[in-house]
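Top to bottom, those sequences are chains A and B.
The opening position of the first sequence corresponds to residue 1 in the working numbering, with each subsequent residue numbered one higher.
The opening position of the second sequence corresponds to residue 1001 in the working numbering, with each subsequent residue numbered one higher.
In this text, a Cβ means the ideal position worked out from N, Cα and C, and glycines have one as well.
Predicted model only: the values in this text are computed from it and were never measured.
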Amino acid sequence: MNPVETLEEGLGKGLISVGDSFGRGELFLCDLMLSAEAVKQASVILEEEIRKQGIVKKNVATLAIGTVAGDIHDIGKTIVAALLAAAGFKVIDLGIDVPVEQFLTAVEEHRTDALGLSALLTVTALEQTKVIEALRIRDLRRKVKVIVGGGAVTKEYADKIGADGYGEDAEQAVRVTKALLKIQ
Amino acid sequence: MVLKGHECREPISFLTEDQIDRIHRGTLEILEDTGVAFDSRESLDILKHAGCNVDHKRKIARFQSSLVEESIRKCPHSFLLRARNPEYTLSLGGSKVYFASFPALAIADPRTGNRRPGTLKDVEDLVKLCDALPEVHTLCSPLSSVADKPPKVCMEWIAATAMRMTEKTLMGASFFGCAKWIVEMANALNQQMIGSICVAPPLTYPSEQADGLLTYARAKHPLAILSGPSLGATGPATLAGALVLQNAEVLAGVVLAQLANPGVGVLLQAYATPLDMRYGTMASGAVEVGIMAVGMAQIWRRYNLPTGVFFPMTDSKVPDEQAAYEKYLQLLLCSLAGINYIMPCGGLDNEGAQSAAQLLIDNEVCGMIGRILDGINVTEETLAIDLIKQVGPIPGNYLKTEHTRQWWRKDQYQPSLSSRQHHVKWISMGSQDIVARAMEQAGRIIETHRAPSLSENISNELDRILKLAEEAKK
């Protein structure tokens, strides 16, 4: 069994098909979460095998995502992460209450194409600004597309703080991310 | 003297006594085996000192059942929420039913649903409306965010503005460390706040909420401890499971409150809503929200503790039929369940939007709900047997009797927005729908209603505290 083929043609396509069914209203969030989790766990095993066999696989768009420091709202961010995975992204979920530094490290380490910042509270939305500013200082800003979202964030706010994209809901977040990275 | 509000003498029930027992035992099991996380060193120390099994590394406290039951016994069965004008003091608990305004994030145009951020001027206008509307017995600021103050001190500014515009009692938030400053302002006005503490499900007290709980309790302000698991996301997808989780979360706060200040008044407040599996939104207008409220009220009544809900709510974006049926099914269930503190006045789209029109329509329906709770008044006089004999068959009629003049207004609720005129008359008056009529009435009230006066000394004191809060949070 070729691990790359299993990953891309099996799991990857399967997950995309689940994402499509979700979009059509035939499958629901809990189904999507289960599929994303199954793929995530299987990927760990397959990636290990790919490394062992020394196979070079084609690049997929990578995105790190997390809820900013001071904010412990998990669900919205987790739904966006699952939908992105279902759209074919490699997603690194940094969790909740993520300090600025951890976002920067993830961007550097995984060479992510995009970074998703979630904030539900008005005060924690300010943290999104801090992350964007820190990326600029570390000279990483031009290397990643920053997408912001969450209850406290509006399109106007996203523009004001210099984010590249804004997702009003999970599906829009995926659409915007794909458009920014010019993915069909 | 306390505000009359309404009364529910015979609450409805959905759970059997055995089912209540099972949910109670399940709750104790969760508190003892799993425990609750408190992101607050001080809270964990207090709980440990009281005999809780505390894991400082994971910030989890596990509660013996005896401590939980003892804490429930320490809570007053009912308590006063003191207003600076005693006419508006609430007596929370027992059979009382009070209606509160509901907080939302932005202002919605009631026609288009378009939103704009709120300002302190909006808080003023909305609080003025709440002050004038008879069915808004108590307030949670109708706006929870304003764009013209820095986010960090938003809560303090909103609280101060509300305090200036009404003598009715207010709910105080705990976000961003505002509890301390809100307590100071309330003390300056010699009024009590009901301190709102929001658990983060599952089973977590964020630091600002745990700190808020300690702050309000120690300053002798009663608490409303609120848990809002989202069914299928931050709580079990089943109603019974969500009740167990919600109860465990709230009771953990009850224990901490009774340790911080034994005998402090605590209102147990429910806010469980399903996750919509299609859109990932919280289905705040779901009918299950109201059904769970009935069950939760039964359990909390068993504890003999005051009850509250952080709804009725709707997922509709404008005041329309959906807003009406979602809010009022929940409102009717909560009221018939005898919940002491219900929040039906204003609010759309799961806290997303506020509309004065919606607030006025809600006020009107609250009056009807109050009338439902009053039921049918049967006395010799209301039976009117002698009168019926006297009037006899046609051409007798009741329009000209003294009995009618005396009773029609007392025994029937008089709506002020609903259309009851002949349809030709309605057309001649511009065929206005309920939203148009509500908008018009809101405009009139804002123009003519006078806010209560505040002495210059106290007003200056509020300014001084606001300035201190701003300095401290720089």
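Assigned secondary structure, residue i (DSSP; H/G/I helix, E/B strand, else coil)
i	result
Met1282(B)	strand
Phe1079(B)	strand
Asn1397(B)	coil
Ile1012(B)	coil
Pro1117(B)	strand
Cys30(A)	helix
Met1296(B)	helix
Ala1173(B)	coil
Pro1151(B)	helix
Lys1096(B)	strand
Thr105(A)	helix
Thr6(A)	helix
Glu1167(B)	coil
Gln1414(B)	coil
Val100(A)	helix
Ser1066(B)	helix
Test: residue i CB closer than 9 Å to a CB of chain B
i	result
Thr62(A)	no
Leu84(A)	no
Asp20(A)	no
Leu147(A)	Per the sequence shown, residue 147(A) should be read as Ile rather than Leu. Not one chain B Cβ lies under 9 Å of Ile147(A).
Ile50(A)	no
Gly167(A)	no
Gly10(A)	no
Ile79(A)	yes
Interface flag, residue i vs chain A, CB-CB below 9 Å
i	result
Leu1081(B)	no
Gly974(B)	Chain B is shown only over 1001 to 1474; residue 974(B) falls outside these bounds and no answer can be derived.
Phe1311(B)	no
Cys1154(B)	yes
Thr1204(B)	yes
Ala1200(B)	yes
Lys1105(B)	Going by the sequence as given, residue 1105(B) is Leu instead of Lys. Yes, contact with chain A.
Ala1159(B)	no
Ala1237(B)	yes
Among the options, the one whose alpha carbon lies nearest that of residue i
i	options	result
Ser1316(B)	Pro1306(B), Lys1327(B), Gly1308(B)	Lys1327(B)
Leu1044(B)	Pro1202(B), Arg1450(B), Ala1260(B)	Ala1260(B)
Cys1345(B)	Arg1058(B), Leu1129(B), Ala1283(B)	Leu1129(B)
Ser1227(B)	Leu1387(B), Gln1209(B), Ser1040(B)	Gln1209(B)
Ser118(A)	Leu135(A), Arg111(A), Leu94(A)	Leu94(A)
Tyr1413(B)	His1422(B), Gly1367(B), Gly1375(B)	Gly1367(B)
Thr1119(B)	Ala1242(B), Ala1162(B), Ala1200(B), Ala1248(B)	Ala1162(B)
Leu1143(B)	Phe1038(B), Thr1234(B), Ile1107(B)	Ile1107(B)
Ala38(A)	Gly25(A), Leu11(A), Gly165(A)	Leu11(A)
Cross-chain neighbours of residue i in chain B, by beta carbon under 8 Å
i	result
Gly76(A)	Gly1280
Gly54(A)	Correct list: empty, because the minimum Cβ distance to chain B is about 40 Å.
Gly162(A)	Result: empty, since nearest Cβ-Cβ is about 18 Å, beyond 8 Å.
Neighbour list for residue i in chain A, Cβ cutoff strictly below 7 Å
i	result
Pro1229(B)	In chain order: nothing, as chain A lies at least about 11 Å away.
Ala1233(B)	Ile75
Met1277(B)	Phe28, Leu29, Cys30
Phe1176(B)	Val123
Pro1151(B)	Thr122, Val123, Leu126
Beta-carbon contacts of residue i that lie in its chain and below 6 Å, excluding the five residues immediately before and after
i	result
Ser1071(B)	Val1254, Val1255, Gln1258
Ser35(A)	Leu15, Val18
Ala1104(B)	Gly1347, Glu1351, Ala1353, Gln1354
Met970(B)	Outside the shown range of chain B, which is 1001 to 1474, sits residue 970(B), and nothing can be said about it.
Gly1113(B)	Lys1317, Val1318
Phe89(A)	Ala61, Leu63
Ile55(A)	Val4
Other residues of its chain near residue i: CB distance less than 8 Å, five sequence neighbours each side excluded
i	result
Thr1281(B)	Leu1275, Asp1315, Asn1350
Met1277(B)	Gly1232
Gly70(A)	Asp97, Leu121, Val123, Thr124, Glu127
Glu1042(B)	Ala1210, Asp1211, Leu1214
Asp1411(B)	Asn1377, Thr1382
Chain A contact residues for residue i, given Cβ-Cβ distances below 9 Å
i	result
Ser1145(B)	Thr122, Ala152
Own chain residues within Cβ distance below 7 Å of residue i, not counting five before or after
i	result
Met1001(B)	Pro1086, Glu1087, Thr1089
Leu1332(B)	Ile1369
Within chain B, partners of residue i - CB distance below 9 Å
i	result
Ile72(A)	Asp1039, Ala1200, Thr1204, Pro1206
Ala170(A)	Tyr1279, Gly1280
Gly95(A)	Those do not exist, as Gly95(A) stays about 14 Å from chain B at its closest Cβ, beyond 9 Å.
Proximal residues of chain B, C-beta to C-beta of residue i below 7 Å
i	result
Gly25(A)	Arg1278
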